[in-house]
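Have a look at the structure below before the remarks.
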Amino acid sequence: MKQVVVRPERCVGCMQCMVACAVEHSSSKNLYEAVFEAPLPAPRVHVAYAPGGGGFPNRCRHCVPAPCVNACFPGALSRDKERDTVLVDDFKCIRCASCAMACPFGVIRFHVSIQLPSKTVAQKCDNCIQRISVGKVPACVEACKTKALIFEDINIALQKRTQEVARAISKEIREEVVISEAWSTRLRFLSQYEGLRKVN
Amino acid sequence: MPEGSHKFQELTTVSDAQAMLEVAARSGIETVWDRYKAQLPQCGYCDLGLSCRNCVMGPCRIDPFGEGPQKGVCGADGDIIVTRNLCRMIAAGAASHSDHGRDLVEVLLNVGEGRAPGYGIRDVEKLKRVAQEFGISPDGKTPEELAKALAYAMQEEYGTRKSSLQLVSRVPLKRKEIWERLNILPRGIDRETSEMMHRTHMGVDNNWQTLLLQGARCALADGWGGSLIATEVSDIIFGVPTPKPSKVNLGVLKQEEVNILVHGHNPVVSEMVSAAVQDPEMLELAKRVGAKGINLAGLCCTGNELMMRKGIPMAGNHLMTELVIMTGAVEMIIVDYQCIMPSLGPIAKCFHTKMISTSDKARFPDMQHVEFHPHDAAKKAKDLVREAVLNYQNRIKERVVIPVSPTQCWTGFSVEALLQALGGSLDPLIETIKAGKIRGAVGVVGCNNPKIRHDYGHVTLTKRLIENDILVLDTGCAAVANAKAGLKTLEAQELAGKGLREVAKALNIPPVLHVGSCVDNTRIIVLAAHLANALGVDISDLPLAGAAPEWYSEKAVTIAVYVVASGITTVLGTVPPVLGSRNLTKMLLGDIEGLVGARFHVEPDPEKAAKIIIAHIEEKRKALGLEAKIL
Numbered sequence: 012m013k014q015v016v017v018r019p020e021r022c023v024g025c026m027q028c029m030v031a032c033a034v035e036h037s038s039s040k041n042l043y044e045a046v047f048e049a050p051l052p053a054p055r056v057h058v059a060y061a062p063g064g065g066g067f068p069n070r071c072r073h074c075v076p077a078p079c080v081n082a083c084f085p086g087a088l089s090r091d092k093e094r095d096t097v098l099v100d101d102f103k104c105i106r107c108a109s110c111a112m113a114c115p116f117g118v119i120r121f122h123v124s125i126q127l128p129s130k131t132v133a134q135k136c137d138n139c140i141q142r143i144s145v146g147k148v149p150a151c152v153e154a155c156k157t158k159a160l161i162f163e164d165i166n167i168a169l170q171k172r173t174q175e176v177a178r179a180i181s182k183e184i185r186e187e188v189v190i191s192e193a194w195s196t197r198l199r200f201l202s203q204y205e206g207l208r209k210v211n
Numbered sequence: 016m017p018e019g020s021h022k023f024q025e026l027t028t029v030s031d032a033q034a035m036l037e038v039a040a041r042s043g044i045e046t047v048w049d050r051y052k053a054q055l056p057q058c059g060y061c062d063l064g065l066s067c068r069n070c071v072m073g074p075c076r077i078d079p080f081g082e083g084p085q086k087g088v089c090g091a092d093g094d095i096i097v098t099r100n101l102c103r104m105i106a107a108g109a110a111s112h113s114d115h116g117r118d119l120v121e122v123l124l125n126v127g128e129g130r131a132p133g134y135g136i137r138d139v140e141k142l143k144r145v146a147q148e149f150g151i152s153p154d155g156k157t158p159e160e161l162a163k164a165l166a167y168a169m170q171e172e173y174g175t176r177k178s179s180l181q182l183v184s185r186v187p188l189k190r191k192e193i194w195e196r197l198n199i200l201p202r203g204i205d206r207e208t209s210e211m212m213h214r215t216h217m218g219v220d221n222n223w224q225t226l227l228l229q230g231a232r233c234a235l236a237d238g239w240g241g242s243l244i245a246t247e248v249s250d251i252i253f254g255v256p257t258p259k260p261s262k263v264n265l266g267v268l269k270q271e272e273v274n275i276l277v278h279g280h281n282p283v284v285s286e287m288v289s290a291a292v293q294d295p296e297m298l299e300l301a302k303r304v305g306a307k308g309i310n311l312a313g314l315c316c317t318g319n320e321l322m323m324r325k326g327i328p329m330a331g332n333h334l335m336t337e338l339v340i341m342t343g344a345v346e347m348i349i350v351d352y353q354c355i356m357p358s359l360g361p362i363a364k365c366f367h368t369k370m371i372s373t374s375d376k377a378r379f380p381d382m383q384h385v386e387f388h389p390h391d392a393a394k395k396a397k398d399l400v401r402e403a404v405l406n407y408q409n410r411i412k413e414r415v416v417i418p419v420s421p422t423q424c425w426t427g428f429s430v431e432a433l434l435q436a437l438g439g440s441l442d443p444l445i446e447t448i449k450a451g452k453i454r455g456a457v458g459v460v461g462c463n464n465p466k467i468r469h470d471y472g473h474v475t476l477t478k479r480l481i482e483n484d485i486l487v488l489d490t491g492c493a494a495v496a497n498a499k500a501g502l503k504t505l506e507a508q509e510l511a512g513k514g515l516r517e518v519a520k521a522l523n524i525p526p527v528l529h530v531g532s533c534v535d536n537t538r539i540i541v542l543a544a545h546l547a548n549a550l551g552v553d554i555s556d557l558p559l560a561g562a563a564p565e566w567y568s569e570k571a572v573t574i575a576v577y578v579v580a581s582g583i584t585t586v587l588g589t590v591p592p593v594l595g596s597r598n599l600t601k602m603l604l605g606d607i608e609g610l611v612g613a614r615f616h617v618e619p620d621p622e623k624a625a626k627i628i629i630a631h632i633e634e635k636r637k638a639l640g641l642e643a644k645i646l
């Protein structure tokens, strides 16, 4: 079954996944209107700085078993087995944040519910199950043009990684396998700037 | 040094900045370094030059990893997008410098028409020399009439009528021929900027090479046009700089005096303030409010202009501009344009410091606007000084932190001053270069950037160069960094290698010469042209190099391009947004040398940059048939 797979080495830190995710989870689902909505929609994927350059798109792993589901007192968090997704029920959530305390990845945030604007509730990635049900890919995947976020069966994605590694090991090919000369040059300069800060 | 400031050593090498960062942290005041950290990770598309916002069929980006889109909606590939973006940076930088020149020409015109009280013609000889270059004979003309005629001729340089800028005639014939062959001879100052904006519009120039060539032409219209006019006219109106002592760093602020700072670029504003603070009426008022006097100091380029001509001290460079407010000792900062962070007004609100904007082109948050024009600048400057003096009463003495004592420095080395120090001709300098006592010369120029440890790039590079008998000329923020490190004292001669030390002692100069502000980078290329003409070679044959170890601005891009296009290889300390185009990167870092006889290097580590420059200078020496140390 396909899921969102993250390739952090491809993340350029543009944060378009965050914008697309927020727009997808807004009332209007339209960028130009979403930025004027009250409450403002919030992203469920979070890009942070990875020292050495580039970013890291941090998203919910929909763990099995999910610590957040186990921690939730009123049963607002539950697993949809068919779609392999951990979901929040805004009606049941009491904003106790036990889920956020339990989550080791920090992907649960608290915002005013779009469904129930009188409540602040836990918000997290919902795997864009609505989009998938009509044959679309998740919003973050659609936004990511470097394919740091892809929609793929995890084992197939890892098989491709094995193939890349195998090629890199091959003596003849090794010099040629530069995924992006521009990108690796940029990362080299960024770590040089950091390195020069070390006080001697 | 206050406790805990060691953690700021990673951000800045200088103790006055470290002390102020401590104050900022204690007071909860956000600085440029904080905002830089909050921006991380910065977008990789934009950093590689691979994003385009020129039209609303976009915005577009190119995937550097090859899997996503490789062309924008219009069909432009990475080479076109990256080069267009670089060229717009060149246009913006050229426009900034050239507007600065334009405003000076306006003052010159007003002086000629007697409508600029407070301004005059400080150097009539230079006025005559420059006028003659423009084919205007001084015979039978008063200085005012000559000024007016020259102003008209210079205004002509900005337009569409000419086929070549006048001051291009200063370059060696070989250099001019290269420009003609490449079709990059600058025709008109505004014209080249305008054409650059045209060419970068969607669907105009879609050839990255010709785009780059127009970028070079636009930059040359700045270096041999707008900026050079700015320097020459500033010298005519305010005086040609001569060597003099001065002081630098936050210690130039005085505990018991009214402190007024000028920030920005155009001496049109700062010179009027400088006159106003000497007014006896103002000094009397200062005493009445309990101050011992009025202390004027500079920030950034306008500070450089006042220092070069009047020895007025400098409080700091780009990354110091927020920190200086936090001393709590500044009654007023008067700004005009360029490099003034919009964060300054809000920071000043935490203190008694009054922030004043003076240019109709430049407004800022939380600044009071007092617009200066040639006909009323002198009066408005006096009004502002009065307001600053009265503001002394609002200073909270307990909050004042002036953490260091000032460092001495020598300043004022215009080309004219250098020639005079050499006895009226360049021959003594040429002889020492031929003899190898001085291996060559390097312009260490440019800004600060929080990406590079503050002042580390400038000072480290300069030290390595002078240790290797290379004369250093500095301008802009780099000049402040080197002065703060004590490299422009006579004692610094001891830090130089044997040959440079000997020459510096004989001429009674420091091993690092302050040449001026950023428009005064033209003094460096003019000197290079003089040397080349004296030796009958091209500028690219000379053992020279340029370096911008900590640059940030679009103006710096333009300067780097005009310096390289004029034949001087330049090392950059921060990488420009060109890596997204392999072709453009390869051209700038190599192939361009085949076209203009010079190239770029990118090297953030100043130790490595020094090695690159030293090797380059020795190569040039060898090619000239001089003794050279080739490893």
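As you go down the protein sequences, you meet chains A and W in turn. Here the first sequence stands for residues 12 to 211, where the numbers follow this note's numbering. Here the second sequence stands for residues 16 to 646, where the numbers follow this note's numbering. Ideal Cβ positions, reconstructed from N, Cα and C, are used throughout, including at glycine.
For W/T447, the three-state secondary structure derived from DSSP is helix. Annotation for W/M370: M347, I348, V350, L359, G360, A363, F379, D381, M382 and Q383 place their beta carbon closer than 8 angstroms to its own, counting only its chain and skipping 5 residues before and after. In this structure, A/C28 lies near A/A154, with their beta-carbon atoms less than 7 angstroms apart. Counting along the chain, no beta strand (DSSP E) covers W/K86, and no H or E run does either.
Where W/G279 is concerned, there is no enclosing alpha helix (DSSP H), because DSSP gives it neither an H nor an E. A/F84 counts as exposed, since fewer than 16 other C-beta atoms from the protein chains shown sit within 10 angstroms of its C-beta. If you look at W/H631, you'll find it isn't in any beta strand (DSSP E); it sits in the alpha helix (DSSP H) that goes P621 to A638. Annotated as proximal: W/G313 and W/V277, with beta-carbon spacing under 7 angstroms. Looking only at W/T422, W/A507, W/N523 and W/I252, the smallest Cα-Cα distance to W/G438 is reached by W/N523. Using a Cβ-Cβ distance cut-off of 8 angstroms, the segment 422-431 of chain W and the segment 292-303 of chain W are not in contact, since fewer than three pairs of beta carbons, one from each stretch, lie closer than that value.
Residues of the segment 594-617 of chain W with a Cβ closer than 9 angstroms to any Cβ of chain A, in chain order: L594, G595, S596, R597, T600 and V617.
Taking C-beta atoms as the reference points, W/S242 and W/T585 fail to come closer than 7 angstroms. The segment 17-37 of chain A makes contact with the segment 131-150 of chain A: 3 or more CB pairs, one atom from each, lie closer than 8 angstroms.
CA-CA distance, A/P76 to W/A563, rounds to 56 angstroms.
Cβ neighbours of W/N69 within its own chain (closer than 8 angstroms, five residues either side excluded): R99, T215, H216 and M217. Distance between W/K623 and W/H473, taken at the CA atoms: about 13 angstroms.
DSSP, reduced to helix, strand and coil, places W/T246 within a helical segment of the structure shown. For W/H469, no beta strand (DSSP E) encloses it, and the DSSP letter there is neither H nor E. The beta carbon of W/I453 sits closer than 8 angstroms to those of L444, T447, D484, I485, L486, G514, L515 and V518, all from its chain and outside the five residues before and after it, given in chain order.
Inter-residue distance for W/L165 and W/R144 is about 11 angstroms (C-alpha atoms, whole angstroms).
When 7 angstroms is used as the limit between beta carbons, A/C25 is near these residues of chain W: C58, G59 and Y60, in chain order.
Using a 10 angstroms sphere on the CB of W/V248, the tally of other CB atoms reaches 16 or more, which defines it as buried. With respect to the 7 angstroms criterion, W/A396 and W/M329 are not classified as neighbours on the basis of their beta carbons. In the three-state reduction of the DSSP assignment, A/F116 falls in the coil class. For W/E37, the closest Cβ of chain A is not nearer than 7 angstroms. Taking the Cα of W/Q270 as reference, the smallest distance to any Cα among W/D220, W/M323 and W/T342 is reached at W/T342. A direct Cα-to-Cα measurement between A/F162 and A/M12 gives close to 10 angstroms. Judged by beta-carbon spacing, W/I204 lies within the 7 angstroms limit of W/G240, meaning their Cβ atoms are closer than that value.
Assigned with DSSP and collapsed to three states, W/H388 falls in coil, not helix or strand. The beta-carbon distance between W/R185 and W/A544, rounded to whole angstroms, is 5 angstroms. This is short enough to meet the 8 angstroms contact definition. Distances from the alpha-carbon of W/G81 to those of W/I607, W/G595, W/V139 and W/A236 put W/G595 closest. Per DSSP, the beta bridge partners of W/S372 are W/V350 and W/H384. Non-local C-beta neighbours of W/K325 in its own chain, meaning closer than 7 angstroms and more than five positions away in sequence, comprise S289, ordered along the chain.
DSSP places A/H57 within a strand segment (E or B) once states are collapsed to three. In the three-state reduction of the DSSP assignment, W/A377 falls in the coil class, being assigned neither a helical nor a strand state. In the DSSP assignment, W/S568 falls outside any beta strand (DSSP E) and carries neither an H nor an E.
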